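My numbering applies: residue 2 is where the sequence shown begins, and numbers increase by one. Data first, discussion second: the structure below is written as structure tokens.
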Amino acid sequence: MKEVLQQFCFDGEPVACELFGNGHINRTYRVVCENGKEYILQRVSQVAFHHPEQLIENIDAVTAHIARKPELHQQTLHLIETKDGKKFYIAPDGEFWRAYSYISGGICLEAPRTPQDFYEAAVAFGSFQLALADFPPQRLHETIPHFHDTADRFRQLRESVAADAAGRVKDVQPELDFLFAREEELCTLCRMQAAGELPLRVTHNDTKLNNVLFDPESGKAICVLDLDTVMPGLSACDFGDAIRFGASTAAEDERDLDRVTIDLEMYRAFLRGYLDACGSALTAKEIEVLPLSAKVITGEIGLRFLKDHIDGDIYFGIHRPGQNLDRAHTQLKLVSEMEKKWDEMQEILQEVTQR
Ligand code: ADP
Ligand code: GN1
Ligand code: MG
């Protein structure tokens, strides 16, 4: 670590470096310097990102664009340079490192405490997208190709089932049956995109609640984090991903599935915040598919957790054996709960759009 820390132009001598946050992909540390200055240091996952230097180019361009939009009332990430003037460091062992200024005074939530928290997160993600509406998408690298291409995710799942690298396929037949029975519906958004029915926008693509920093005093969102997957995408995916995480009544890896359902008050709050922030820029079709997108992205991420369990846990970080299967279970349970509450989800959309 010492060798890595020495590479970056921190303002002060680092005296502490400890693991930080709850991300599943990168390894995140908080660095504290002797003068009290703080930084975030991250080892970027090369299992997830095959060309991490492209991800740095994206983040550099996107954060510069956002910084030129004071009307957003939000901070943005700031990459720290290395001593040789780059914004990343490749260590002798091939690991890829980058550092950010630490945005102090903010808190990350693993679940909204109130619908107002979730409303504010929705405003943050909606405004983020609006701020990038005039960003030329062709300037962005696709940091993970086919990221929200559900049809391709099904293709990858079939490959993993065929390879059965960890010998776990025999234990997950009901989960596979559940997903394959819904394959056609879960591929609706990517079919609509291919048919030109949904416009491609610059989207965040990983809108979990813990990718937003909140001001603990005002309760407002102060910064959208985790810009590794900012790419051309669908507004619906940003909406759906936020719902599957933040409107769930239980943690993503909850083992007691009786505790897992969708909280419709939270769903309503996010819908209101998202449409308040960027509804005027969305097409009627984009708004119409919002409830469906919650189901699609929940199913898609359930599929990805199941695939990683089958592969032997190589993509998502785990803290205990079976955690990816537990995560898959909560997502599939949420899909069934959305099916039960489908009419109410549609009614809430009507109610919110007719305000
Ligand atoms: P991952 O891709 O693994 O999810 P993130 O970039 O989301 O990694 O970072 C993990 C966690 O670290 C975040 O959820 C947040 O709590 C914290 N974090 C990341 N960047 C910053 C920052 N610049 N300032 C303060 N906290 C941060
Ligand atoms: C990962 O990086 P993190 O933990 O914010 C993943 C998302 C998943 C999420 C599930 C690059 O997000 O796509 O939805 O886990 N990020 C990547 O919790 O794959
Ligand atoms: Mg994250």
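Backbone N, C-alpha and C fix where the C-beta goes; we use that ideal spot for every residue, glycine too. Remember, predicted model here, so these are calculated numbers, not experimental data.
Between the CA atoms of Arg159 and Asp312 - distance to the nearest angstrom: 11 Å
Per DSSP, what kind of secondary structure is Val231 in: helix, strand or coil? coil
Name the DSSP bridge partner or partners of Ala125? For Ala125, which the question treats as bridged, DSSP gives no partner whatsoever.
Pairwise C-alpha distance: Pro233 and Ile263: 28 Å
Do Ile223 and Gly107 count as a contact pair if the criterion is CB distance below 8 Å? yes
Which residues bound the beta strand (DSSP E) around Cys238? No beta strand (DSSP E) holds Cys238; the alpha helix (DSSP H) holding it covers 236-247.
Taking the straight line between their C-alpha atoms, what separation do you get for Ala62 and Arg154? 28 Å
Grab me the residues of Ala125's own chain with a C-beta within less than 7 Å of its C-beta, minus the 5 sequence neighbours each way, in chain order. Within the same chain, Ala125 has close Cβ partners Gln75, Val213, Ala222, Val225.
Ligand 2 heavy atoms versus the CB of Asn212: any closer than 7 Å? yes
Check whether Tyr120 and Ala270 have beta carbons under 8 Å apart: Yes; because the gap between Cβ atoms is below 8 Å, this pair is in contact.
What are the boundary residues of the beta strand (DSSP E) that Gln157 is part of? Premise fails: Gln157 lies in the alpha helix (DSSP H), 151-164, not in any beta strand (DSSP E).
Sort Ile81, Leu291, Pro292 by Cα distance to Ile104 and report the nearest one. Ile81
Opening and closing residue of the beta strand (DSSP E) in which Phe271 lies: Note, Phe271: premise wrong, no beta strand (DSSP E); alpha helix (DSSP H) at 265-279.
Return the chain-ordered ranges of every beta strand (DSSP E) run that is complete within the region 2-80 and spans a minimum of 3 residues. 15-20, 28-34, 39-45
8 Å contact criterion, which Ile349 and Leu272 should meet: CB distance rounded: Correct: roughly 6 Å between the Cβ atoms.
Just mark Met267 as buried or exposed, buried being the case when its beta carbon has 16 or more other beta carbons within 10 Å. buried
Within this structure, are the beta carbons of Val336 and Lys286 separated by less than 8 Å? no
Would DSSP call Arg356 helix, strand or coil? coil
With a threshold of 8 Å on Cβ separation, who are the neighbours of Ala195 within its own chain once the five nearest residues in sequence on each side are excluded? none
With H, G and I counted as helix, E and B as strand and the rest as coil, what does DSSP make of Gln97? Residue 97 is actually Phe in this sequence, not Gln. If DSSP states are grouped into helix, strand and coil, Phe97 belongs with the strands.
Compute the minimum distance between the beta carbon of His205 and the heavy atoms of ligand 1, and state whether it is under 7 Å. no
Report buried or exposed for Ile315, applying the criterion of at least 16 other Cβ atoms within 10 angstroms of its Cβ. exposed
Given this structure, state the Cα-to-Cα distance separating Ala317 from Ile26, to the nearest angstrom. The amino acid at residue 317 is misidentified as Ala; the sequence shows Phe. Approximately 6 Å, taken between the alpha carbons.
Indicate, with yes or no, if ligand 3 has a heavy atom lying under 7 Å from the CB of Gly247. no
Gly107 CB to nearest heavy atom of ligand 3 below 7 Å: no
Following a CB-centred definition, is Phe271 positioned closer than 7 Å to any heavy atom of ligand 2? no
According to DSSP, is Cys224 part of a helix, a strand, or is it coil? strand
Is the CB-CB distance between Ala92 and Ile41 below 8 Å? no
According to DSSP, what are the bridge partners of Ser102? Per DSSP, the beta-bridge partners of Ser102 are Tyr40.
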